[in-house]
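This report concerns only the one structure given below.
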Amino acid sequence: MGYVALVILLAKLFIKSLWENKIDWDDTPSTAFIVGWQQFENELPLLHNVHVPRHIGVNAHYVTSVLIFADASERTYNGVVYLHVYYPDDNRYVLNLLTAKSRVAPLRNISLAR
1 MGYVALVILL AKLFIKSLWE NKIDWDDTPS TAFIVGWQQF ENELPLLHNV HVPRHIGVNA
61 HYVTSVLIFA DASERTYNGV VYLHVYYPDD NRYVLNLLTA KSRVAPLRNI SLAR
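Numbered according to the numbering used here, the sequence shown terminates at residue 114, and the numbering increases by one at each position without gaps.
Below, the structure is given as structure tokens:
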């Protein structure tokens, strides 16, 4: 799911912008909205090129660490979790995306703790 989180987030942001502009289900959106959606729709087939690896290949002898990052803006909340693995046999590091989540901020403003 993490690999397509951005695509889903873009669709949710588009729907939110329709809601903010008070465009009802039966209303015809403006040309700008239609063009924006058509561009999004035309790029969706590119998702067929996304390859999602299922096996990470970690055993007890590898040095691993979990890296978690989160960020927020006025429009979205986002978080990702990576598995950082050191393979001593090859003397190399690999970073694997485990999951990513994105949320659209609510319509009403809320204060964020500082």
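We put the CB at the ideal spot given by N, CA and C, even for glycine.
So what does DSSP say about V7, is it helix, strand or coil?
Numbered from 1 along the sequence shown, position 7 holds the residue referred to as residue 7. Note: V7 maps to helix in three-state DSSP.
For K22, does the three-state DSSP call read helix, strand or coil?
Stepping through the sequence shown from its first residue, residue 22 is reached at position 22. Three-state result, K22: coil.
Do you know offhand how far L95's Cα is from V85's?
In the sequence shown, the residue the question calls residue 95 occupies position 95. In the sequence shown, the residue the question calls residue 85 occupies position 85. Straight-line Cα distance between these residues: approximately 6 Å.
Leaving out the 5 sequence neighbours to the left and right, which residues in its chain are closer than 7 Å to S65 when beta-carbon positions are compared?
Residue mapping note: residue 65 aligns to position 65 of the sequence shown, counting from 1. Result list for S65: H84, in chain order.
Counterpart residues of F69 in DSSP-defined beta bridges:
Counting from one through the sequence shown, the residue named residue 69 turns up at place 69. Its beta-bridge partners are V80.
Would you list the one or two residues that DSSP bridges to T99?
Taking the sequence shown and counting its residues from 1, the one referred to as residue 99 is at position 99. V81, per the DSSP bridge assignment.
Between the beta-carbon of S102 and the beta-carbon of L9, is there less than 7 Å?
Translated into the one-based positions of the sequence shown, residue 102 becomes position 102. Translated into the one-based positions of the sequence shown, residue 9 becomes position 9. Their beta carbons are under 7 Å apart, which means S102 touches L9 by this criterion.
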